[in-house]
Amino acid sequence: MSSLNRTPHSTLSVAKSTKVESCPRQLSKKEVTQSTAETTNRRSHTTMPNNVPGGVSDVLPADDTAIDVANRVKSQVEEKTSRTFSTYQTHSYAKQVVAGMNYFIKIKVGDNEFIHVRVFRSLQAEYSVHGLQEGKTESDELAYF
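Printed below as a string of structure tokens:
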């Protein structure tokens, strides 16, 4: 067993063949509980990888994927809003892995007029609009809905 190069403190038996150096003083039950809660809290606030089922990615600028998804559902969006859009520009998006993929897309449809569209892509690569929010502006945050 290796030893640390410092003044020895009391030791605590962890297992029959293992000893661990302890602090110069014992921690109170309250200090142990608080320390455990802080560690647990730090762990629960870590960022989930974007490919974890249920985790929503950060909002990203529109790319070829987002533009393609938005264009695939344009007719569905026009039907749901009872409008025909001469302006239909993908602005930004986020995605969520589920049993398929959810895309949350901010689309510019007029002068400072945006809509937020949730598109579900099934495992069979079928695209459908599962949610739509009208009356949005460029500064409105794109979030789960």
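So the sequence shown is numbered by the UniProt record's numbering: it starts at 1 and just counts up by one.
Glycine included, every Cβ here is placed at the ideal spot set by N, Cα and C.
Within a Cβ cutoff of 7 Å, which residues of the same chain sit near residue i, ignoring the five residues on either side of it in sequence?
i: residue 143; result: none
i: residue 126; result: none
i: residue 99; result: 123
i: residue 62; result: 90, 91, 92, 93
Spatial neighbours of residue i within its chain, please: C-beta separation below 6 Å, excluding the five flanking residues on both sides.
i: residue 82; result: none
Using a Cβ-Cβ cutoff of less than 8 Å, which residues in the same chain neighbour residue i once the five nearest sequence positions on both sides are dropped?
i: residue 130; result: 102, 118, 119, 120
i: residue 145; result: 104, 116, 118, 131, 133
i: residue 112; result: 137, 138
i: residue 46; result: Note on residue 46: pLDDT 36, under 50, position unreliable in the model; the coordinate value appears next. None.
Give me whichever residues DSSP pairs with residue i in a beta bridge.
i: residue 90; result: 107
i: residue 100; result: 98
i: residue 131; result: 118
Quick one: measure Cβ to Cβ for residue i and residue j, integer angstroms, because I've assumed they're closer than 8 Å.
i: residue 69; j: residue 85; result: Actually they do not touch by this definition, with Cβ atoms about 16 Å apart.
i: residue 96; j: residue 59; result: In fact, because the Cβ distance is near 12 Å, the residues do not count as touching under 8 Å.
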